[in-house]
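Engineer: Residue numbers (our numbering): 88 to 846. We treat Cβ as the ideally placed atom computed from N, Cα and C, and that holds for glycine. Fair warning: this is a prediction, and the values are worked out from it, not measured in the lab. My questions will all concern the structure given below.
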């Protein structure tokens, strides 16, 4: 940061001159500036540094943090700085502490009644005297520009002193067993102190006096993002208020919109929060008797035997009377695959009956929440329930943008007394992007969890002495984020690919594709035009040629290039995608694709999906094509199988042919490569081959056509190891014998698993 920029910061800091205005920087910005000052990036003027600490104290007071580590710093800076705002904030901190103390003092308990017996009067007077003596010790000399608050402060402590004198007199009189008939001065003194406390509160700055239970629309406004939702709820609020006024004026509304609401959106978008705000709005408008929200889900409503579901549902309806019944993931009440023993439909029928009955209708509101598509399908398949939710009563919550999620992350950190450095903030964005793969991404919930994971890591790995600067206890650095972000394998995926035996043509293709992806990513970062990246591929070859292994490494390479967020591999076959009933195949296929989002979906023997026009596999293929378009670069699909069958399969479907343009052919391993595999796997388990084993295997590989390629080699070695174990005497076997695999072991193993031409 340049000297000119720091000068601008200093000027902005010096512009703050009133407690009735927010400082020119946010709390997080102040912490970042102080952090740079702490690390000697720049030296601020004394007044500017004192003002920054004063601003920080201002925000912490606003968050009801009144007694913390800033006290010592502020006290010291106040001695060194003559800026009036520093004195004002320090005085305000003290005044607020005094006010909170006074609020906790129940003065009414010390009021003496004429009818009280003398022992009771004595007890009250002594209690008041003790309390006043305690309060008098809290007085401190402060200079502040707010004369009104200082004047009231002085009046309070003058009154405290006066009450001490009055209380002492009453105590003395009663202890002398003299009856004190005139208690009016005593009670008037207590009342006057209460009056001064009220004046003191009125004199405090407005930000201190914000109501703890603010208006629900104000709470809505404070929420991050959701602009369209905020606009809708504001209009909805004014509509309800208008209709209420019309009703009071004698007008009728036969077709009322009702209070039942459907809130849809992905996890962590604020569905429950919005439901609670709606309940508060209904209550404040007098439409419901309470703002209580009864939250339920399938497990609380659906019973295990006949009649229990109806009973459970009615019990929760009764609990929700006067308020809101909130049903999360309501579509789980009626599952597509439910059997006759599932009583979810009984819950729906009982709920509809309660919403329309004379006994419960219009006495409670129902708010249902869940995923958008699932909720729409659920309501359309239950017309009786759908009729209770007008089309205008649907709220769809969007996912938060990355910038909004960063703001949520910073708020979460701040609430826990942490802050992100600028570098950490940028690094945290990469964590969000990696987590943000599909609709299961938890939005605000996931981001809060990530922040708490970072905080846990800091606490678990840092040992900070208490005397160290307090900023070190609040700072989240880039290194702290990196510790969570960097989870690399010991070997890079490209190196692992190189270490694979054979597959030279495949390795070359993967390298070429990886280089192409990286260059396009580089061009994109420089805002240059990019060529569309076609990554959906066909892997053809016989079993055991390394297709699945390469697919796994391919996924990791694409993640490393920044193209895939997770870089995981999901292997599927026909049975994972195709179901036995109409409509179920699409759902099954979508679920498998959802599982693979951010990575690679590897469909083995893909041609098995299609067995004719009437086969459900066609639905799986159509769904795959649709989902590829929908998720674009968020998934790579690899179709694998025998070469000829794969070529015919792709050619038979124009949708697939236009989307799968990369072909990788995995050739059968030659004799030398198979021998190299044998040597590699034997050494991996710390075995050795006898001198005549290589010649034997070389001849066998040359003379015999085998099925399975690399898979055959692994099976052969496993069998040979088992025959060695059978051959050896456990009691007398020495180290050399335990490590040695003989020709006889392999002969027996070969016969056991049998090559194609082996007799």
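Alpha carbon to alpha carbon, what distance is there between residue 135 and residue 102?
Structural biologist: The residue you call residue 102 lines up with position 15 of the chain shown. The residue you call residue 135 lines up with position 48 of the chain shown. Cα to Cα, residue 102 sits roughly 10 Å from residue 135.
Engineer: Here's a check: name, in chain order, each residue in its chain whose Cβ is nearer than 7 Å to the Cβ of residue 558, leaving out the five neighbours to either side.
Structural biologist: The residue you call residue 558 lines up with position 471 of the chain shown. So the qualifying residues of the chain are 121, 122 and 125.
Engineer: Using beta-carbon positions only, say whether residue 246 and residue 276 come within less than 8 Å of one another.
Structural biologist: For the purposes of this step, residue 246 is identified with residue 159 of the chain shown, where counting begins at 1. For the purposes of this step, residue 276 is identified with residue 189 of the chain shown, where counting begins at 1. It is a contact, given that the beta carbons lie within the stated cut-off.
Engineer: Please return the same chain residues whose Cβ sits closer than 7 Å to the Cβ of residue 781, not counting the five positions on each side in sequence.
Structural biologist: Taking the first residue of the chain shown as position 1, residue 781 is located at position 694. 762, listed in sequence order.
Engineer: Run the CB neighbour count on residue 576, radius 10 Å, all protein chains shown included, and call it buried at 16 or more, exposed below.
Structural biologist: Residue mapping note: residue 576 aligns to position 489 of the chain shown, counting from 1. Because the pLDDT at residue 576 is just 47, under 50, the model does not fix this residue reliably, and the value given afterwards should be weighed accordingly. So residue 576 ends up on the exposed side.
Engineer: Determine the direct distance from the alpha carbon of residue 797 to that of residue 771, and round the result to whole angstroms.
Structural biologist: Here residue 771 corresponds to residue number 684 of the chain shown, with the count starting at 1. Here residue 797 corresponds to residue number 710 of the chain shown, with the count starting at 1. When rounded, the distance between both Cα atoms is 15 Å.
Engineer: Straight-line CA distance for residue 663 to residue 675?
Structural biologist: For the purposes of this step, residue 663 is identified with residue 576 of the chain shown, where counting begins at 1. For the purposes of this step, residue 675 is identified with residue 588 of the chain shown, where counting begins at 1. Roughly 7 Å separates the two Cα atoms.
Engineer: Assign residue 383 to one of two classes, buried (16 or more other C-beta atoms within 10 Å of its C-beta) or exposed (fewer than that).
Structural biologist: For the purposes of this step, residue 383 is identified with residue 296 of the chain shown, where counting begins at 1. Looking at its Cβ environment, which holds 16 or more other Cβ atoms inside 10 Å, residue 383 is buried.
Engineer: Who pairs with residue 749 in a beta bridge, going by DSSP?
Structural biologist: Stepping through the chain shown from its first residue, residue 749 is reached at position 662. Note: residue 749 sits in a beta bridge opposite 624.
Engineer: Tell me the rounded alpha-carbon separation between residue 709 and residue 690.
Structural biologist: Residue 709 sits at position 622 when you count from the first residue of the chain shown. Residue 690 sits at position 603 when you count from the first residue of the chain shown. When rounded, the distance between both Cα atoms is 14 Å.
Engineer: Suppose you measure from the CA of residue 405 to the CA of residue 280; what does that come to, to the nearest Å?
Structural biologist: One-based indexing of the chain shown puts residue 405 at position 318. One-based indexing of the chain shown puts residue 280 at position 193. Spanning the two alpha carbons is a distance of roughly 47 Å.
Engineer: Residue 182 by DSSP, collapsed to three states: which one?
Structural biologist: Your numbering for residue 182 matches position 95 in the chain shown. The answer is helix: DSSP assigns residue 182 an H, G or I state.
Engineer: With which residues is residue 455 paired in a DSSP beta bridge?
Structural biologist: Mapped onto the chain shown, residue 455 falls at position 368. In the DSSP output, where bridge partners are listed per residue, residue 455 has 349 and 414.
Engineer: In the DSSP assignment, find the unbroken beta strand (DSSP E) run with residue 689 in it and report its ends.
Structural biologist: Numbered from its first residue, the chain shown carries residue 689 at position 602. Segment 687–691, the beta strand (DSSP E) holding residue 689.
Engineer: In whole angstroms, what separates the C-alpha of residue 513 from that of residue 487?
Structural biologist: Here residue 513 is taken as the residue at index 426 of the chain shown, counted from 1. Here residue 487 is taken as the residue at index 400 of the chain shown, counted from 1. Cα to Cα, the separation comes out at about 17 Å.
Engineer: Where does residue 177 fall in DSSP's three states?
Structural biologist: If you number the chain shown from 1, residue 177 lands on position 90. The answer is helix: DSSP assigns residue 177 an H, G or I state.
Engineer: Can the beta-carbon of residue 414 be found closer than 8 Å to that of residue 348?
Structural biologist: Working through the chain shown from its first residue, we reach residue 414 at position 327. Working through the chain shown from its first residue, we reach residue 348 at position 261. No. Outside cutoff.
Engineer: Classify residue 100: buried if its beta carbon has 16 or more other beta carbons within 10 angstroms, exposed otherwise.
Structural biologist: Locating residue 100 in the chain shown gives position 13, where the first residue counts as 1. That one is buried.
Engineer: Put residue 319 into one of helix, strand or coil per three-state DSSP.
Structural biologist: Here the question's residue 319 lines up with position 232 in the chain shown. Residue state, collapsed to three classes: helix.
Engineer: Taking only runs that begin and end inside the segment 189–230, name each unbroken alpha helix (DSSP H) of 4 or more residues, in chain order.
Structural biologist: If we require 4 residues or more, the alpha helix (DSSP H) runs fully inside the segment 189–230 come out as 205–223.
Engineer: For residue 465, write down the residues that DSSP places opposite it in a beta bridge.
Structural biologist: Here the question's residue 465 lines up with position 378 in the chain shown. Answer by DSSP bridge pairing: none, since residue 465 is not bridged.
Engineer: Quick one, are the C-beta atoms of residue 695 and residue 634 less than 8 Å apart?
Structural biologist: Numbered from 1 along the chain shown, position 608 holds the residue referred to as residue 695. Numbered from 1 along the chain shown, position 547 holds the residue referred to as residue 634. No; because the gap between Cβ atoms is not below 8 Å, this pair is not in contact.
Engineer: Just how far apart, CA to CA, sit residue 541 and residue 506?
Structural biologist: Locating residue 541 in the chain shown gives position 454, where the first residue counts as 1. Locating residue 506 in the chain shown gives position 419, where the first residue counts as 1. So the alpha carbons of these two residues sit roughly 11 Å apart.
Engineer: Whole angstroms is fine: what's the gap from residue 91's alpha carbon to residue 127's?
Structural biologist: One-based indexing of the chain shown puts residue 91 at position 4. One-based indexing of the chain shown puts residue 127 at position 40. Answer to the nearest angstrom: the Cα atoms are 16 Å apart.
Engineer: Count the other C-beta atoms from every protein chain shown that fall within 10 angstroms of the C-beta of residue 325, then say buried if there are 16 or more, exposed otherwise.
Structural biologist: Taking the first residue of the chain shown as position 1, residue 325 is located at position 238. Residue 325 should be labelled exposed.
Engineer: Determine the DSSP secondary structure at residue 140, reduced to helix, strand or coil.
Structural biologist: Locating residue 140 in the chain shown gives position 53, counting from the first residue. Three-state DSSP puts residue 140 in a helix.
Engineer: If you drop the 5 nearest sequence neighbours on each side, which residues of the same chain put their C-beta closer than 7 Å to that of residue 826?
Structural biologist: Within the chain shown, the letter at position 739 stands for residue 826. Excluding positions up to five away in sequence, the list reads 773, 774 and 775.
Engineer: Taking residue 302 as the reference, which of 339, 566 and 363 has the closest Cα?
Structural biologist: Looking up residue 302 in the chain shown gives position 215. The shortest C-alpha separation from residue 302 is found at 363.
Engineer: Residue 639: buried (16+ other C-beta within 10 angstroms of its C-beta) or exposed?
Structural biologist: Indexing the chain shown from 1 puts residue 639 at position 552. So residue 639 ends up on the buried side.
Engineer: In angstroms with no decimal places, state the Cα-to-Cα distance between residue 581 and residue 686.
Structural biologist: Sequence index remark: in the chain shown, residue 581 carries index 494 (1-based). Sequence index remark: in the chain shown, residue 686 carries index 599 (1-based). Near 17 Å, if we compare the C-alpha coordinates of residue 686 and residue 581.
Engineer: Taking only the alpha-carbon atoms, compute the straight-line gap between residue 837 and residue 752 and give it to the nearest angstrom.
Structural biologist: Working through the chain shown from its first residue, we reach residue 837 at position 750. Working through the chain shown from its first residue, we reach residue 752 at position 665. Residue 837 and residue 752: Cα-Cα distance of roughly 28 Å.
Engineer: By Cβ distance below 8 Å, which residues in the same chain neighbour residue 398 in space, the five residues on each side in sequence not counted?
Structural biologist: Taking the first residue of the chain shown as position 1, residue 398 is located at position 311. If we look at residue 398 and ignore the five residues flanking it on each side, its Cβ neighbours are 390.
Engineer: Whole-angstrom Cβ separation of residue 192 and residue 218, contact assumed at under 8 Å?
Structural biologist: Residue mapping note: residue 192 aligns to position 105 of the chain shown, counting from 1. Residue mapping note: residue 218 aligns to position 131 of the chain shown, counting from 1. That belief holds up - the Cβ atoms of residue 192 and residue 218 are roughly 6 Å apart, short of 8 Å.
Engineer: Between residue 844 and residue 460, what straight-line distance do the alpha-carbon atoms span, to the nearest angstrom?
Structural biologist: The count along the chain shown starts at 1 and reaches residue 844 at position 757. The count along the chain shown starts at 1 and reaches residue 460 at position 373. Reliability fails at residue 844, whose pLDDT of 43 lies under 50, so the model's placement of it is uncertain and the value that follows must be treated cautiously. Cα-Cα distance, rounded: 56 Å.
Engineer: Could you spell out where the alpha helix (DSSP H) holding residue 806 opens and where it closes?
Structural biologist: On the chain shown, position 719 is the one that residue 806 refers to. Per DSSP, residue 806 belongs to the alpha helix (DSSP H) from 797–814.
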